[in-house]
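Some notes on the structure that comes next.
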Amino acid sequence: MSIKKVKALMLTDYYQMSFISITIILMQIFDSLSMLFWSAASGECTSPLTANFGLVAMFLLTNSFTLDEQKGTKILKKTMPYTDNEFVLSKYLMPVLFVVFKCISDIALSLAGTTMHEGGMSANFGETLAFHIVMVVTSMLLLPILVYPAFFRSSYKTAVKFFTVVGTISLVGMMGIMSKFVKDMVTQRSFGRMPVPAGIAAVAVTLILLVISYRLSVKFHSKSDS
């Protein structure tokens, strides 16, 4: 596998949807900055926007499959010297890089925010951080895990229908989960908590599912005709 080839494929996707990529980056920066203010106010790792922003970002990022289909770059890429692993990896790396960027920036800004809190870092900071990281990872990787194999296995129209159903259910479900924490967020300045070991386990399970999804996508892409 060539890192240069994977990078070239990712850059191709970026140039095809540069406006969408920049929009996603700006959304994540805005959300991360909100961490600073919420942490300064509560002493905890808190943000009411993360999960919804994460899902919206992945909705936009999945648009790369649409552009490949519309512009014929999917067929063009199949004629070029890219392996199945390289092509599929270029699709999966985008959301993974966004997750890494988001986690690092959120941890740094929430820690900075707690230094401005009158009472310093809350005793519950670790649990709220664990909950927040799980929200970041699951919201931003849920759609790639469930939907990407469909794009590599099925026809474009079938995959889009599946994506629409799964994406809508995910978005509505995540918004429902988030709404349960709004009252606590406003009245108690606390968003959500999770034991750190449970958070680590949840992230580990999500990453395992991502690897399984990736391997399925490679298998399906190798069998595709175009």
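Using numbering that gives the first Met the number 0, the first residue of the sequence shown is number 0, and each one after it goes up by one.
Where is the CB? At the ideal position from N, CA and C, for every residue including glycine.
Residue i - containing alpha helix (DSSP H), residue span
{"i": "ALA122", "result": "No alpha helix (DSSP H) holds ALA122; DSSP gives it neither H nor E."}
{"i": "THR45", "result": "Counting along the chain, THR45 falls outside any alpha helix (DSSP H), and DSSP gives it neither H nor E."}
{"i": "SER104", "result": "83-113"}
{"i": "LEU196", "result": "It should be noted that the sequence gives Pro, not Leu, for residue 196. Note, PRO196: alpha helix (DSSP H), 195-222."}
{"i": "MET9", "result": "2-15"}
Expected contact under 8 Å - CB spacing of residue i and residue j to nearest Å
{"i": "VAL244", "j": "ALA203", "result": "Outside the modelled stretch of the chain, which goes from 0 to 225, sits residue 244, for which no answer is possible."}
{"i": "ILE144", "j": "LEU209", "result": "5 Å"}
{"i": "PHE100", "j": "GLN27", "result": "7 Å"}
Straight-line gap, residue i to residue j (C-alpha atoms, nearest Å)
{"i": "SER138", "j": "HIS116", "result": "28 Å"}
{"i": "PHE226", "j": "PHE64", "result": "The structure shown does not extend to residue 226, since the chain is modelled only from 0 to 225, so the question has no answer here."}
{"i": "MET9", "j": "GLY118", "result": "45 Å"}
{"i": "PHE36", "j": "PRO94", "result": "26 Å"}
{"i": "TYR147", "j": "LYS218", "result": "12 Å"}
{"i": "ILE24", "j": "LEU108", "result": "16 Å"}
{"i": "ILE207", "j": "ARG214", "result": "11 Å"}
{"i": "GLY198", "j": "ALA40", "result": "24 Å"}
{"i": "LYS222", "j": "ARG152", "result": "8 Å"}
{"i": "THR11", "j": "ASP30", "result": "27 Å"}
{"i": "ALA122", "j": "THR205", "result": "27 Å"}
{"i": "PHE150", "j": "TYR14", "result": "20 Å"}
{"i": "GLU43", "j": "TYR81", "result": "46 Å"}
{"i": "SER89", "j": "VAL98", "result": "15 Å"}
{"i": "LYS7", "j": "ILE103", "result": "This sequence places Ala at residue 7; Lys is not what is there. Rounded to whole angstroms, ALA7 to ILE103 spans 25 Å at the Cα level."}
{"i": "ASP83", "j": "VAL5", "result": "11 Å"}
{"i": "VAL135", "j": "VAL164", "result": "21 Å"}
{"i": "SER225", "j": "MET34", "result": "Confidence at SER225 is low in this model, with a pLDDT of 49, below 50, so the placement of that residue should be treated as unreliable; the coordinate-derived value is given next. Cα-Cα distance, rounded: 44 Å."}
{"i": "LEU32", "j": "ILE211", "result": "33 Å"}
{"i": "HIS220", "j": "SER20", "result": "24 Å"}
{"i": "THR22", "j": "LEU92", "result": "18 Å"}
Whether residue i touches residue j by CB criterion (8 Å)
{"i": "VAL87", "j": "SER216", "result": "yes"}
{"i": "ILE234", "j": "LEU128", "result": "The displayed coordinates of the chain run from 0 to 225. Any statement about residue 234 would go beyond what the structure contains."}
{"i": "GLU126", "j": "PRO194", "result": "yes"}
{"i": "THR114", "j": "PHE124", "result": "no"}
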